[in-house]
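Trainee:
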Amino acid sequence: MAKTINIGLVGYKFMGKAHSNAYRQVTPMMQPDLQPIMKCLCGRNAEGVAAAARQMGWEQTVTDWHQLVASPDIDLVDICTPSGPSHTEIALEAAQHGKHIFCEKPLAASLSDARAMLSAVEQAGVRHMVNFNYRRCPAVALAKKMIGDGLLGDIYHWRSVYLQDWIIDPDFPLVWRLDKSIAGSGPLGDLAAHSIDLAHFLVGPIAKVVGMEQTFVHERPVASEQGGLQATGGVERAPVTVEDAVAFLARFENGVFGTFEATRFAAGRKNYNRFEVNGSRGSLCWNMETMNELEYYDRSNESSGVGSLAGFRLIQATDGSHPYMGSWWPPAHIIGYEHGFIHGVYDLLNGIGNGTPLAPDFRDGARCQAVLEAVTRSIAQGGWTAVEAV
Ligand code: SOE
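Each step along the sequence shown adds one to the number in our numbering, with nothing skipped, and position 245 is 246.
#1: Can you tell me where the beta strand (DSSP E) holding I169 begins and where it ends?
#2: So if DSSP puts Q317 in a beta bridge, which residue, or which two residues, is it bridged to?
#3: What does DSSP give as the partner residues of D299 in its beta bridges?
#4: May I ask you to list the residues that DSSP assigns as paired with T242?
#5: With DSSP as the reference, please indicate the residues paired to P1 in a beta bridge.
#6: G312 and R300 look like a contact to me (Cβ under 8 Å); what is the Cβ gap, rounded to whole Å?
#7: By alpha-carbon positions, which one of D34, L285, M16 ends up nearest to G228?
#8: Our contact map puts C43 next to D74 with C-beta atoms below 8 Å; I'd like the distance itself, whole angstroms only.
#9: K106: beta carbon under 7 Å from a heavy atom of the ligand SOE?
#10: Are A71 and L35 close, meaning C-beta to C-beta below 8 Å?
#11: Taking only three categories from DSSP, how would you classify Y135?
#12: Can you name the start and end residues of the beta strand (DSSP E) that G212 belongs to?
#13: Take every Cβ of the segment 356-376, pair it with every Cβ of the segment 153-163, and state whether three or more of those distances are shorter than 8 Å.
#14: Check this for me: beta carbons of E244 and L189, under 8 Å apart or not?
#15: Does the count of Cβ pairs from the segment 53-64 and the segment 17-26 closer than 8 Å reach three?
#16: If you compare alpha carbons, which of A248, K106, L310, T242 is closest to V211?
#17: Is it the case that the CB of H195 approaches a heavy atom of the ligand SOE more closely than 7 Å?
#18: With A246 and E214 assumed to form a contact (beta carbons below 8 Å), what rounded beta-carbon distance in angstroms separates them?
#19: Tell me whether L179, by its Cβ, gets closer than 7 Å to a heavy atom of the ligand SOE.
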C-alpha cells in the first residue's frame with residue numbers, strides 16, 4: 002500500500018477545481034509514490050466552500066487559511082488563491098508550520114516577495130513546487146527531450162505569444178485579474194509568466210529584456226460576481242490598474258534571441274499559448290490550442306536522392322513512449338488541459354515521496370519573477386534591463 006500525504010488546499014474556484022480534480026485522478030490513473038488524501042478545503046465563503054468540497058470530495062472545510070496551515074492534520078499546503086500578495090502571506094506561514102508547499106503561478110507579486118518565500122521554505126527544510134502546468138503537457142516534455150538530445154542543434158531563436166480575448170468587450174467587469182493590488186500585474190504575470198517558464202525550461206535563463214505595454218480600456222464596471230474567467234458587473238465603474246497587453250525582447254544567457262508577447266485583446270484567440278524554437282538542425286513549434294501536437298522540422302530531410310523531403314511534420318505526442326502517456330490511452334486518444342495538472346501533482350507526490358528534486362521549485366519561480374520584474378523596470382525606465390540573479 003502506498004504511503005499517504007494529507008493535502009490542505011486554499012481556494013476552490015478555477016485553479017482550486019483543477020487541482021482538486023488532479024488529486025482525485027492521480028492515484029487511480031498514475032499510481033504516484035504517495036497517495037494524496039483530500040483532507041481540507043479552505044475558502045472564505047462557508048457555503049461556497051462546503052458545496053465545492055462535496056462536489057470534489059474533500060473531507061473537511063475551513064474558512065480561515067491560518068487555521069488550515071496550522072493544522073497538525075495537514076502535510077502539504079496547496080495555494081490556489083489569486084496570484085499576488087496572498088501567495089506570499091500563506092506560503093510564509095505554511096513554511097513556519099513545517100508544511101510542504103505547492104503554489105499556483107506566478108509565485109508572487111514581486112521579486113522581493115518571491116525571495117522571501119524561497120528563503121522561508123529553505124530555512125524550514127520543506128519541499129516546494131510552483132504549478133507551471135504547461136511544462137507537463139506531453140508534447141512540451143517531448144520537446145524538452147528532443148532539445149536535450151541535440152535534435153535542434155544550436156538554438157538561435159525563442160519566439161512565444163500567449164494570446165487570449167476574454168476581456169476584449171469594454172463592458173466586461175473589473176475582475177481580480179485586472180486589479181494590480183490583487184493580481185500583481187496583467188497578462189505579464191498571468192500569461193507571459195507561462196512563456197518565461199517554458200523558455201527557461203526549454204532554452205535556458207534570460208539575461209536581459211526590453212519591454213512595452215498598453216492598456217486599451219481604462220475603466221470597467223465593478224464585478225458583482227466572479228469565478229474563473231466569467232463575471233457579472235453593475236453600473237458603478239472603476240479604473241483598470243494592470244496592463245492589457247505586453248511584449249518584450251529578451252537576450253538569453255546562452256545568446257539565444259527571444260521575443261515574447263501576451264495580450265487579452267487578440268480577438269478569436271482563446272488560449273493561444275504558442276512557442277517556436279529554431280536551431281541549426283531544425284525547429285519545434287507548439288500551441289496549447291492543439292496541445293497534443295508537436296511540429297518538428299528536421300533539416301536533414303532537405304537533401305535526399307529524390308530532392309528535398311523536408312517540411313514540418315506533426316508528431317502526435319500521445320504515444321505510450323511519450324512523457325506521461327504510458328498512464329493514459331492508446332495513441333491519438335487525446336488528453337486535455339486538466340492532464341497538465343494531474344501530471345504536475347504526480348511529479349510533486351513522487352518528488353516528496355522519494356526525495357528527488359521538484360521542478361519548477363520556488364527558486365525557478367523566483368527566477369521567473371526576476372524576469373517579470375525586469376520587464377516592468379524596463380518599461381518604466383526605458384531601455385534594456387538586466388535580470389537580477391536569484
Ligand atoms: C486566465 O488568463 C488563465 O486562466 C491564466 O490565469 C492561466 O494561468 C492560464 O493557464 C490560462 O489562462
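Glycine included, C-beta positions come from ideal geometry on N, C-alpha and C.
Mentor: Here's the rundown:
#1: As a working note, residue 169 is residue 168 in the sequence shown. That residue, I169, is in no beta strand (DSSP E); it is neither H nor E in DSSP.
#2: Counting from one through the sequence shown, the residue named residue 317 turns up at place 316. According to DSSP, Q317 bridges with E294.
#3: For the purposes of this step, residue 299 is taken as residue 298 along the sequence shown, with counting starting at 1. Looking at the DSSP assignment, D299 forms a beta bridge with G283.
#4: Within the sequence shown, the letter at position 241 stands for residue 242. None; T242 has no bridge partner.
#5: This structure gives no information on residue 1, because the portion of the chain shown stretches from 2 to 391.
#6: Counting from one through the sequence shown, the residue named residue 312 turns up at place 311. Counting from one through the sequence shown, the residue named residue 300 turns up at place 299. Not a contact, Cβ separation roughly 11 Å.
#7: Along the sequence shown, read from residue 1 onward, the residue named residue 228 stands at position 227. Residue nearest to G228 within the set D34, L285, M16 is M16 (criterion: CA-CA distance).
#8: Position 42 of the sequence shown, counted from the first residue, corresponds to residue 43. Position 73 of the sequence shown, counted from the first residue, corresponds to residue 74. So it is not a contact: roughly 13 Å between Cβ atoms.
#9: Taking the sequence shown and counting its residues from 1, the one referred to as residue 106 is at position 105. Yes, since a heavy atom of the ligand SOE falls inside the 7 Å radius drawn around the Cβ of K106.
#10: The residue labelled residue 71 in the question sits at position 70 within the sequence shown. The residue labelled residue 35 in the question sits at position 34 within the sequence shown. No. Outside cutoff.
#11: Numbered from its first residue, the sequence shown carries residue 135 at position 134. Helix.
#12: In the sequence shown, the residue the question calls residue 212 occupies position 211. Looking at the DSSP string, the run of the beta strand (DSSP E) that includes G212 is 207-215.
#13: no
#14: The residue given as residue 244 occupies position 243 in the sequence shown. The residue given as residue 189 occupies position 188 in the sequence shown. With respect to the 8 Å criterion, E244 and L189 are classified as neighbours on the basis of their beta carbons.
#15: Yes, the segment 53-64 is in contact with the segment 17-26.
#16: Stepping through the sequence shown from its first residue, residue 211 is reached at position 210. The candidate whose alpha carbon is nearest that of V211 is A248.
#17: Numbered from 1 along the sequence shown, position 194 holds the residue referred to as residue 195. The answer is yes for H195.
#18: By one-based count along the sequence shown, residue 246 stands at place 245. By one-based count along the sequence shown, residue 214 stands at place 213. Right, the Cβ-Cβ distance comes to about 7 Å (below 8 Å), so this counts as a contact.
#19: Within the sequence shown, residue 179 is the residue found at index 178, counting from 1. Every heavy atom of the ligand SOE is 7 Å or more from the Cβ of L179, so no.
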